[in-house]
Amino acid sequence: DVKVTQSSRYLVKRTGEKVFLECVQDMDHENMFWYRQDPGLGLRLIYFSYDVKMKEKGDIPEGYSVSREKKERFSLILESASTNQTSMYLCASSKQGSSYNEQFFGPGTRLTVL
Amino acid sequence: RKEVEQDPGPFNVPEGATVAFNCTYSNSASQSFFWYRQDCRKEPKLLMSVYSSGNEDGRFTAQLNRASQYISLLIRDSKLSDSATYLCVVMVGTGGFKTIFGAGTRLFVKA
């Protein structure tokens, strides 16, 4: 059974803290993605990675950075958390090779920044 | 204007009803199209891909109209378990990277 796991389901942080969100997939997928999901806005792509150590900005990268040191792991970093980064964060992975490859999602991390 | 637009609903239908969802996209370079389903407090999961010729999977039928930049999903004989949010998803280009999600349409199926 394919699996994408995220380090926390719920996280509460204070403004200005550095926040790490971890994502691990066991499917040997090349592509990994970080999204945030907000009511009425849907999922918005923050960053994606198509290979180890490779990363590309998505639609809303400001205030975020990422790290992919190993194929199975993709980390999202909030250098200095702000209240407008309170959201649901979803990690996903997919194979390369076809534009119809399914994205598999983790269960999400609900982050609250106070 | 959003790149992928959906009617947010909610759609409230009785069991056994037929319900249709529509979605429009603005980027003419869009290559691949999907419907994902998201249950309350869960992650999105692929429901079906949408091919140019249209495709059917049991009670679900998806259609694509490239000329009008329009995608649809038809659910026949609705079940209680179909209650969820349905996300229209468009992939721009062929690399599999630029994926745009609609905000979703909520469906409630009532007994």
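Chains as they are written, first to last, in my numbering: chain E, 3 to 116; chain X, 788 to 898.
Idealized CB from N, CA, C, for every residue including glycine.
As the structure is a prediction and not an experimental result, all values here were calculated from the model.
Sequence ranges, beta strand (DSSP E) only - wholly within the stretch 26-91 of chain E, length at least 3 | Runs found: 33-40, 44-51, 67-72 and 75-80.
Please decide whether E/Gly44 counts as near chain X, where near means a Cβ-Cβ distance under 9 angstroms.
-> yes
Under the DSSP definition of a beta bridge, which residues are partnered with E/Phe107?
-> E/Ala94
For X/Ser859, which of helix, strand or coil comes out of DSSP?
-> strand
X/Tyr873 lies in the beta strand (DSSP E); which residues open and close that run?
-> Ala871 to Val879
Whose CA, out of E/Pro109, E/Val115 and E/Leu116, lies closest to the CA of X/Gln825?
-> E/Pro109
Which same chain residues, not among the five before or five after E/Lys72, have their C-beta less than 7 angstroms away from its C-beta?
-> Val54
Among X/Pro795, X/Leu861, X/Val876 and X/Ser868, which has the Cα closest to the Cα of X/Ser836?
-> X/Val876
Who are the near neighbours of E/Met34 in its chain, counting only those whose CB is closer than 6 angstroms to its CB and skipping five residues on each side?
-> Ser51, Phe76 and Ser95
Secondary structure of X/Leu867, DSSP reduced to three states | helix
Taking 9 angstroms as the CB-CB cut-off, is E/Gln105 touching chain X?
-> yes
Unbroken beta strand (DSSP E) run spanning X/Pro797, endpoints | First-last for X/Pro797: undefined, no H or E at that position.
Can you list, in chain order, the residues of its chain whose CB lies under 8 angstroms from that of X/Asp794, leaving out five sequence neighbours each side?
-> Phe808, Asn809 and Thr892
So which residues of chain E does X/Pro797 contact, with C-beta pairs closer than 9 angstroms?
-> None at all; the shortest Cβ gap to chain E is about 13 angstroms.
For E/Ser89, return the contacting residues in chain X, with the cut-off set at a CB-CB distance below 7 angstroms.
-> Residues of chain X passing the Cβ test: none, with the nearest at roughly 14 angstroms.
Identify each residue in the stretch 847-876 of chain X for which the Cβ-Cβ distance to at least one residue of chain E is less than 8 angstroms, and report them in chain order.
-> Leu874
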